[in-house]
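J.:
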Amino acid sequence: MKDIFLEVLRTSLLVGILIFGIIIAKDKFLTKYSHKFNYFLAIIIIIRMLLVVSIKLNISDFINKNYTAYHRIIYNLAQYHLNSINVIDYTYIAMLIWLMGLIVTLLYYAYFQGKFYFKIRNNMTFIKDRRIVEILNNEKINFNITNNIKVEIVKGISSPAIIGILSSTIIVPDQEFSNNELKWIFRHELVHFKRKDNIIKLLMILSSSLHWFNPLIYIFREFFSEQCELSCDEAVISGSKTEDIKEYALLLVKCARYRNTLKLSMMSSQLTNKKVNITKRRIENMLNLKSRKKGMAAAAISLAVIGGSLFALNINKASAIVEENTTNTVAEKKLNQNNSDYTDRSIVVKRSSIVTLETYTYKDAPEELRKEHEENCKAINIEVKDSDVIGKFVSVIWDK
1 MKDIFLEVLR TSLLVGILIF GIIIAKDKFL TKYSHKFNYF LAIIIIIRML LVVSIKLNIS
61 DFINKNYTAY HRIIYNLAQY HLNSINVIDY TYIAMLIWLM GLIVTLLYYA YFQGKFYFKI
121 RNNMTFIKDR RIVEILNNEK INFNITNNIK VEIVKGISSP AIIGILSSTI IVPDQEFSNN
181 ELKWIFRHEL VHFKRKDNII KLLMILSSSL HWFNPLIYIF REFFSEQCEL SCDEAVISGS
241 KTEDIKEYAL LLVKCARYRN TLKLSMMSSQ LTNKKVNITK RRIENMLNLK SRKKGMAAAA
301 ISLAVIGGSL FALNINKASA IVEENTTNTV AEKKLNQNNS DYTDRSIVVK RSSIVTLETY
361 TYKDAPEELR KEHEENCKAI NIEVKDSDVI GKFVSVIWDK
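Read in full-length UniProt numbering, the sequence shown has 11 at position 11, and its numbers run on one by one without any break.
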């Protein structure tokens, strides 16, 4: 579990750097590209947030090992009895705090989601106007959608939305809408359905729960939500005339005016929300006919960079490669800190070498190591015990 926690920290740091770059670039560089590209960029960052793993590349596999043994040098590393020292494992404490935060965050989202569906069921009304179902079926045909998608009238919501992960339902406010307005509503929600946006929003919830301690995640979540809606608008009005775009924009304004007594779930995709600045920006973007770059090359580069962050160089913990003709001096110094010390001694190692660590208990150690350990313990007034661990570095010198 501790390894998973450390990998989460590493992933959060890498993702934090990417998010910081987005914060800097979103108002200048990213505005040159389509919202579809920005949304794609957000999705691959979400996926990277969930991949808390590293693909290890062992660099020793790429080194030529055609060597012959030259000679062996042995030197000692003594580790003294530490039972009397109170050592605080701060990493373990931090891991427990992270785990508790993860559980609390997931429980909060689960509770809110359950509460939302309970209120939706209690506020549904029977659809008396059959034209609503007919318009939805016509739009499904236009989108080549054969899935069964329900439509329900719900009191207390201000904006239409599509809810559900496995089975989808479009919920519509208990308000009067014209045929054209219903057409735009269903087009918007069906775009969300085809892109599986509710599933992506679920992944956003899981990733933000996993990295709940990172404040940049919450800034990124706002960016993701905004780009989700902007890219959806972009798809809905694609190829439409200016008058049709204005009609769609007026629908957003109309829904924003309604009073909302039911707060929609994060795992729902709605037509509008109560953040006036986002609604305003959506309308401005729709009426801005300036073409934007698709960003295919930028998307490929982004995918390569973010995918490359999965790889990490791995140096074997049990050995180290020392370059030829280098000189390593091992100096042992007497230190009395936390009841541990090192004994002065210098050994010069030349030529290429591989260093490995062998450990013994005092009871099973060779005689020379036992004597060395006894002298060191005597120097700092520590009682020798059979359970004491004694380390011995073995350096094998190689000659090509």
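C-beta: ideal position from N, C-alpha, C; glycine also.
Where do the N-terminal and C-terminal ends of the beta strand (DSSP E) with V154 fall, by residue?
T.: That run of the beta strand (DSSP E) goes K150 to V154.
J.: So which of R10, L251 and Q113 has the shortest CA-CA distance to N179?
T.: The option with the nearest alpha carbon to N179 is L251.
J.: Beta-carbon separation of F29 and W98 under 8 Å?
T.: Their beta carbons are not under 8 Å apart, which means F29 does not touch W98 by this criterion.
J.: So, with DSSP's three-state summary, where would you put P173?
T.: Three-state DSSP puts P173 in a strand.
J.: Who does I163 pair with in a DSSP beta bridge?
T.: Its beta-bridge partners are T169.
J.: Quick one: grab the DSSP three-state call for G391.
T.: Correct three-state label for G391: strand.
J.: Taking Cβ to Cβ, would you say S231 is nearer than 8 Å to I163?
T.: No, Cβ-Cβ distance for S231 and I163 is not below 8 Å.
J.: Using a Cβ-Cβ cutoff of less than 7 Å, which residues in the same chain neighbour N336 once the five nearest sequence positions on both sides are dropped?
T.: Reliability of the predicted coordinates at N336 is poor, the pLDDT of 45 falling under 50, and no value is obtained from them.
J.: Run through DSSP, which three-state label would E368 get?
T.: Correct three-state label for E368: helix.
J.: Where does the unbroken alpha helix (DSSP H) through P186 begin, and where does it stop?
T.: Looking at the sequence itself, residue 186 is Phe, so the reference to Pro does not match. Here the alpha helix (DSSP H) through F186 covers N179 to K194.
J.: Could you give the DSSP three-state label for M124: helix, strand or coil?
T.: Three-state result, M124: strand.
J.: Are the beta-carbon atoms belonging to L190 and I145 less than 8 Å from one another?
T.: Yes.
J.: Between the C-alpha atoms of I149 and K196, what's the straight-line distance to the nearest angstrom?
T.: C-alpha separation (whole angstroms): 13 Å.
J.: Using 8 Å as the threshold, is the region 238–256 in touch with the region 35–55, meaning 3 or more CB pairs across them?
T.: The region 238–256, when compared against the region 35–55, does not touch it at the 8 Å Cβ threshold.
J.: By Cβ distance, which residues of its chain are closer than 7 Å to N214, with the 5 residues on each side in sequence left out?
T.: S12 and G16, listed in sequence order.
J.: Can K36 and E234 be called in contact, C-beta distance under 8 Å?
T.: Yes. Within cutoff.
J.: So, helix, strand or coil for E139, using DSSP?
T.: Three-state result, E139: helix.
J.: When the Cα atoms are used, what is the spatial distance from Q175 to I165?
T.: Between Q175 and I165, the C-alpha separation is close to 26 Å.
J.: Taking the alpha helix (DSSP H) that M49 falls in, what are its first and last residues?
T.: Start and end: H35 to L50.
J.: Express the C-alpha separation of K363 and K334 in angstroms, rounding to a whole number.
T.: Low local confidence applies: a pLDDT of 45 at K334 is under 50, so the model's placement there is unreliable, with the coordinate-based value given in what follows. About 24 Å.
J.: When the Cα of R131 is compared with those of N123, F118, F143 and I153, which residue comes out closest?
T.: It is I153.
J.: Could you tell me the alpha carbon to alpha carbon distance between F224 and L136, rounded to whole angstroms?
T.: Distance between the alpha carbons of F224 and L136 is about 27 Å.
J.: Measure the C-alpha to C-alpha separation of I46 and K201 and round it to an integer number of angstroms.
T.: In a straight line, the C-alpha of I46 is about 10 Å away from that of K201.
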